[in-house]
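Colleague:
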Amino acid sequence: MSIEWKKKWSSRFHSTLSLHKLFYNKSVIEGGIDPDINAAMVVWNSTYQFAPQKALRFELQHLFTKNYRGNWAAAVTELSFAPKWIFFLSDLYNYDVTDIHYPTIGGVYTKGGTRLGVTYGRQRAGLFCVGGVCRSVPATSGATVTLSTRF
Numbered sequence: 216m217s218i219e220w221k222k223k224w225s226s227r228f229h230s231t232l233s234l235h236k237l238f239y240n241k242s243v244i245e246g247g248i249d250p251d252i253n254a255a256m257v258v259w260n261s262t263y264q265f266a267p268q269k270a271l272r273f274e275l276q277h278l279f280t281k282n283y284r285g286n287w288a289a290a291v292t293e294l295s296f297a298p299k300w301i302f303f304l305s306d307l308y309n310y311d312v313t314d315i316h317y318p319t320i321g322g323v324y325t326k327g328g329t330r331l332g333v334t335y336g337r338q339r340a341g342l343f344c345v346g347g348v349c350r351s352v353p354a355t356s357g358a359t360v361t362l363s364t365r366f
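Under our numbering, the residue at position 81 of the sequence shown is numbered 296, and the numbers go up by one with no gaps.
(1) Is Thr361 closer than 8 Å to Gly328 when the C-beta atoms are compared?
(2) Using a Cβ-Cβ cutoff of less than 8 Å, which residues in the same chain neighbour Ile244 once the five nearest sequence positions on both sides are dropped?
(3) Compare the beta carbon distance of Asn309 and Gly336 with 8 Å and say whether it is the shorter of the two.
(4) Is DSSP giving Ser242 helix, strand or coil here?
(5) What does Tyr194 pair with, by DSSP beta-bridge criteria?
(6) If contacts are defined as beta-carbon pairs under 8 Å, then Gly346 and Gly332 qualify, I think. What distance do you get, rounded to the angstrom?
(7) Report whether the distance from the Cβ of Phe303 to the nearest heavy atom of the ligand NAD is below 7 Å.
(8) Which full runs of the beta strand (DSSP E) of 3+ residues lie inside the stretch 226–309, going along the chain?
(9) What does the Cβ neighbour count give for Ile248, buried or exposed, with the cut at 16 atoms within 10 Å?
(10) Grouping DSSP H, G and I as helix and E and B as strand, with all else coil, what is Phe366?
(11) Cα-Cα, which of Val323, Gln264, Asp311 is closest to Ser225?
(12) Mark Leu234 as exposed unless 16 or more other C-beta atoms lie within 10 angstroms of its C-beta, in which case mark it buried.
Right under this line is the structure:
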């Protein structure tokens with residue numbers, strides 16, 4: 216279940232606040248006999264468009280749960296120069312159980328149907344989801360280069 220509130224503060228600045236109630240059947244999705252995870256999540260996302268193709272986006276997230284690895288907080292700052300460049304800085308922080316930060320910095324260059332991304336940082340092990348597509352990933356630290364193309 217989700218609730219979303221959107222506010223356009225001005226022609227250049229808008230925000231979205233969303234609240235989510237989550238149920239994650241860990242044993243079915245990841246295999247094993249782990250207990251289900253019940254959680255709540257709040258996300259604040261704001262974008263400031265300071266020129267026709269230049270924008271600064273800022274996002275704060277918080278995951279509340281008593282299950283698994285406890286509470287998490289995240290922050291993302293993204294600077295985009297559409298349609299070719301995006302630069303970002305993020306941190307995912309488990310302040311409840313492990314007290315570990317997962318900082319990441321990177322950039323993406325897009326030309327036509329080709330996208331090149333370079334990222335440096337730390338990634339936690341587990342299910343990693345982007346745009347509704349999820350995959351299981353190992354814990355990593357270091358640089359990652361990705362190249363994708365559409366044809």
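Backbone N, C-alpha and C define an ideal beta-carbon position, used for all residues, glycine too.
Modeller: Looking at the coordinates:
(1) no
(2) Leu342
(3) no
(4) helix
(5) Outside the displayed range of the chain (216 to 366) lies residue 194, so it cannot be described from this structure.
(6) The Cβ separation is near 14 Å, so there is no contact.
(7) No copy of the ligand NAD occurs in the structure displayed, which carries no ligand at all.
(8) 228–239, 252–266, 269–279, 287–296, 300–309
(9) exposed
(10) coil
(11) Gln264
(12) exposed
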